[in-house]
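Right, one structure below, let's go through it.
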Amino acid sequence: MLIGLLTAIAASICYGTGSVLQAVGSRKSARREAVAGRLTERGGPSLSSTAKAATTWEFVVGTILDFIGFGLGALAARLLPLFLSQTVISANLVVTAVLSVRLLGIRLTRAEWTSIGVVCSALVLLASAAGPEGSGHTQGATHWWLLAISLLLMAGGTVLVRLLGGRAAILAGLLSGLGFGALGVGVRILNGIDPFDPGTLLTDPALYAILVAGIGGMYLHTVALQIGSVNGATAALVVGETVLPGMIGVWWLGDASRPGFAWLAVLGFVLAVAGAVAVAWFGAPQGHGAEDGAAPESLGAVPGSHPSPVRVP
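All residue numbers for the sequence shown refer to the UniProt record's numbering, where the first residue is 1 and numbers rise by one.
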């Protein structure tokens, strides 16, 4: 349990730091594309805009941290109940908020500090109540269902987000969260890991569900950062990443709390998710940190700011 918790916390730190750097890179790219007049007619980013965001050095470093966080998070998903591992990892918003104070010149409000305190306290409750993780052994049909659902969510969601354009930030955030949640479920049920068997691993549909959900979730997260409020999109991501996977872990994968502590686990889970959503929702609006005299471009990205509409021919 302790190793799993430390692994999940390390993953959360990597994801939180990466998010700040990715936001900087994404917003810089979006501003350049806006100046160049390359946006979709509905105000969303073009494919070239999203691709260029991924080539900024901030985004590259953030992505490297995401890969490290993914590896640590995958290990945590196999060592802890999903309701604990996914919730601890979603607390990367706390890391993002604290780093934003220094890197983006943002001052956190009392509501934000209170939300951070709620998240930290809730994680202590959740860790105290968590029992052993389930075995993760499921029928083969479950692996195929996970792949099919991941394909539907990521492909269908991408089309819908592009149709909605600039109005799709919350939807893109929610879909990216569901993608990351599906990734966590896939890691838990993946065959061929223990004992290691390359043949079993490569023929397991859950492996390809992990790839689809991970890549699709990353793309939709990048789009959400570009087209709307980082706060609202990230709050939606937290809900998608934690609630459904946690329920799946309890209902189908055998995750459980310690005997007699189910109420404490539920309380900790609800408070942690609510606190994480609050951290995102109460995120500082554009203009925090402006007193430092830095222009928005020099600060990179300010959570909660909105890029200018972009058009593509």
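Every residue, glycine too, gets a C-beta built ideally from N, C-alpha and C.
Would you check if the distance between the CB atom of residue i and the CB atom of residue j is smaller than 9 Å?
| i | j | result |
| --- | --- | --- |
| I227 | A280 | no |
| L99 | A8 | no |
| residue 315 | L220 | The structure shown does not extend to residue 315, since the chain is modelled only from 1 through 313, so no value can be given for it. |
| A265 | L125 | yes |
| T138 | W252 | yes |
| A122 | L84 | no |
| G216 | A148 | no |
| G254 | A127 | no |
| G249 | L178 | no |
| G192 | D204 | yes |
| G16 | W57 | no |
| L146 | I189 | yes |
| G260 | E133 | no |
| S19 | G73 | no |
| A206 | H143 | yes |
| F59 | L21 | yes |
What is the C-beta distance between residue i and residue j, in whole angstroms, given that I count them as a contact (C-beta under 8 Å)?
| i | j | result |
| --- | --- | --- |
| T87 | V273 | 7 Å |
| A182 | A233 | Not a contact, Cβ separation roughly 18 Å. |
| V119 | L108 | Actually they do not touch by this definition, with Cβ atoms about 13 Å apart. |
| V212 | S150 | 5 Å |
| A77 | G184 | 5 Å |
| S115 | G275 | 5 Å |
| S176 | A224 | 6 Å |
| A91 | L174 | The Cβ separation is near 18 Å, so there is no contact. |
| residue 322 | I210 | Any property of residue 322 remains undetermined from this structure, which presents the chain solely from 1 to 313. |
Go ahead and pull the three-state DSSP assignment for residue i.
| i | result |
| --- | --- |
| A130 | strand |
| S308 | Below a pLDDT of 50, predicted positions are generally treated as unreliable, and S308, at 32, falls in that range; the measurement from the model is reported next regardless. Correct three-state label for S308: coil. |
| H143 | helix |
| A51 | helix |
| L108 | coil |
| N92 | helix |
| M218 | helix |
| M247 | helix |
| L80 | coil |
| D204 | coil |
| G18 | helix |
| L190 | coil |
| D66 | helix |
| A168 | coil |
| T56 | coil |
Just grab the DSSP bridge partners of residue i for me.
| i | result |
| --- | --- |
| S26 | Its beta-bridge partners do not exist; DSSP assigns none. |
| S85 | Paired residue(s): none; S85 is not in a bridge. |
| S257 | A130 |
Notebook entry, point to check: Between the segment 60 to 73 and the segment 10 to 24, do three or more beta carbon pairs fall short of 8 Å?
Noted result: yes
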